[in-house]
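In what follows, a single structure is set out as structure tokens and then discussed.
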Amino acid sequence: MWYESDELVLDYDTRVPQLNLAPAISWCPGDIVTLDASQPFAAQYIWSTGATTPSIQIITPGMYIIDVATPCSTVSMEVDVFPGTDCIEAEVHNEIYIPNVFSPE
Numbered sequence: 007m008w009y010e011s012d013e014l015v016l017d018y019d020t021r022v023p024q025l026n027l028a029p030a031i032s033w034c035p036g037d038i039v040t041l042d043a044s045q046p047f048a049a050q051y052i053w054s055t056g057a058t059t060p061s062i063q064i065i066t067p068g069m070y071i072i073d074v075a076t077p078c079s080t081v082s083m084e085v086d087v088f089p090g091t092d093c094i095e096a097e098v099h100n101e102i103y104i105p106n107v108f109s110p111e
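Numbering (my numbering), first residue to last: 7 to 111.
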């Protein structure tokens with residue numbers, strides 16, 4: 007009887023994207039929040055906004071979803087950017103007061 011053997015070598019990508027974003031972020035009017043899903047290896051990024059960059063800047067509250075894909079795996083995460091309850095409102099006036107010797111105390 008005749009037997010033959012052969013060798014099979016499998017290569018696969020063991021890198022799995024990791025998302026280290028906070029699941030909820032407080033936002034105040036005027037804030038710019040950066041959501042960064044960058045990976046230390048090549049990956050594809052798809053945000054619910056349509057952006058395909060590793061990070062996006064948020065100027066309005068809402069639910070943001072990121073999908074990060076490699077040839078062997080995909081991970082997804084939701085981030086709730088919600089209106090903060092401890093926002094400080096400040097009024098800015100275009101007036102400058104310069105006291106002099108005749109100014110009231």
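Every residue, glycine too, gets a C-beta built ideally from N, C-alpha and C.
Unbroken beta strand (DSSP E) run spanning residue i, endpoints
{"i": "GLN63", "result": "61-64"}
{"i": "MET69", "result": "68-75"}
{"i": "ALA57", "result": "Run containing ALA57: none; DSSP gives neither H nor E here."}
{"i": "GLU84", "result": "80-89"}
{"i": "ALA48", "result": "Premise fails: ALA48 is in no beta strand (DSSP E) and is neither H nor E."}
{"i": "ALA28", "result": "First-last for ALA28: undefined, no H or E at that position."}
Distance CB(residue i)-CB(residue j) smaller than 8 Å
{"i": "PRO67", "j": "PRO46", "result": "no"}
{"i": "TRP53", "j": "ILE31", "result": "no"}
{"i": "ALA49", "j": "VAL74", "result": "yes"}
{"i": "PRO60", "j": "SER44", "result": "yes"}
{"i": "CYS78", "j": "ASP17", "result": "no"}
Residue i, DSSP secondary structure in three states
{"i": "LEU41", "result": "strand"}
Own chain, CB closer than 8 Å to residue i, minus 5 neighbours either side, in chain order
{"i": "ILE38", "result": "GLN63, ILE64, ILE65"}
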